[in-house]
Ligand code: NI
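In our numbering, the protein residues as written are 1078 to 1332.
This is how it looks when you write it as structure tokens:
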């Protein structure tokens, strides 16, 4: 059993062959996945998918790159949707200092408002971080995000930052980059973080693991992430699959 905790099957890259992608995921042992929506179209599509497929759940939020576009109505709409039983988390949210579409101050405000929303509705949060680690950690602390906890999605930071996140009640989620030949930090994190604090994900269609690097990613490839973690930790693939799945179900409160 595997749990892909971060998949964008709501992306247009899967419009043509979604059924085949889902079948391959199930054949690879993927039992559950969380579909992540981060703006109006992708949230709408995520909600359609979770209605259609029993084994899919949704995380909904507003992406930091597009923070400048988020209105009060958008945030209220997201909060309304959280009453749906298959919405299990808020996000992805966070800070992205690589792209400059949204000013930092706007990103920070939109990030804070989503943490506050998550605390109101008592759901964990999914964090997107690109070149903004220090500000993310500060805001998580200032907003008391440990109350809901959540996921550091596609974590790419150091072991030290990972440990700081564990203390704030966050899980560390590893994706395709842990399989890259030249990926030093994700491999160190996979070794250092206890298995009961690790999650696995694809972030598909992005960040396909080795040997599919550069191609379209899909949930069936999450198996390669689990295999890599097993190798790095010197434990069985079955144990990695079982524990990371149990971690995800606990965090998302899925029976
Ligand atoms: Ni994502």
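Ideal Cβ positions, reconstructed from N, Cα and C, are used throughout, including at glycine.
Next on the checklist: What does the alpha-carbon distance come out to for the pair residue 1195 and residue 1224?
Outcome noted: 10 Å
Item to check | CA-to-CA distance, residue 1272 to residue 1324, given in whole angstroms | outcome: 9 Å
Checklist entry - Touch check for the region 1086-1093 and the region 1314-1329: three-plus C-beta pairs under 8 Å? => result no
Item to check | Cβ-Cβ separation, residue 1278 to residue 1083 (assumed contact under 8 Å), whole Å | outcome: 4 Å
Next on the checklist: Give me, in chain order, the residues of the same chain whose beta-carbon lies closer than 8 Å to that of residue 1108; leave out the 5 immediate sequence neighbours on both sides.
Outcome noted: 1078, 1079, 1080, 1132, 1322
Next on the checklist: Could you check whether residue 1181 and residue 1143 sit closer than 8 Å to each other, using their CB atoms as the reference points?
Outcome noted: no
Checklist entry - Is the beta carbon of residue 1141 sitting closer than 8 Å to the one on residue 1173? => result yes
Checklist entry - Taking 7 Å as the line, does the beta carbon of residue 1097 fall inside it for any heavy atom of ligand 1? => result no
Checklist entry - residue 1169: beta carbon under 7 Å from a heavy atom of ligand 3? => result Ligand 3 is not part of this structure, which contains only ligand 1.
Next on the checklist: Just to confirm, is the Cβ distance from residue 1111 to residue 1198 under 8 Å?
Outcome noted: no
Item to check | Whole-Å CB distance - residue 1255 paired with residue 1183, under 8 Å assumed | outcome: Not really, about 32 Å apart at Cβ, beyond 8 Å.
Checklist entry - Exposed or buried, residue 1169, counting other C-beta atoms within 10 Å across all chains shown (16 or more means buried)? => result buried
Item to check | DSSP bridge partner residues for residue 1247 (one or two, in chain order) | outcome: 1227
Checklist entry - Is residue 1191 buried or exposed, if buried means 16 or more other CB atoms sit within 10 Å of its CB? => result buried
Checklist entry - So, helix, strand or coil for residue 1121, using DSSP? => result helix
Item to check | Residues near residue 1217 in its chain [Cβ-Cβ closer than 7 Å; skip 5 each side] | outcome: 1245
Item to check | Complete alpha helix (DSSP H) runs within the region 1134-1193 (minimum length 4 residues, chain order) | outcome: 1149-1158
Checklist entry - Just curious, the beta strand (DSSP E) that residue 1207 is in, first and last residue? => result 1202-1207
Item to check | residue 1334 classed as buried or exposed, judged by whether at least 16 other C-beta atoms fall within 10 angstroms | outcome: The displayed coordinates of the chain run from 1078 to 1332. Any statement about residue 1334 would go beyond what the structure contains.
Checklist entry - Any idea if residue 1252 is buried or exposed, counting beta-carbon neighbours within 10 angstroms, 16 or more meaning buried? => result buried
Checklist entry - Contact check, residue 1298 vs residue 1289 under 8 Å by CB: the rounded distance? => result 6 Å
Next on the checklist: Applying the 10 Å Cβ sphere with the 16-neighbour rule, what's the burial state of residue 1193?
Outcome noted: exposed
Next on the checklist: For residue 1213 and residue 1125, I'd like the C-alpha separation in whole angstroms.
Outcome noted: 31 Å
Checklist entry - Residues in its own chain within less than 7 Å of residue 1265 by CB, not counting five upstream and five downstream? => result 1236
Checklist entry - For residue 1257, which of helix, strand or coil comes out of DSSP? => result coil
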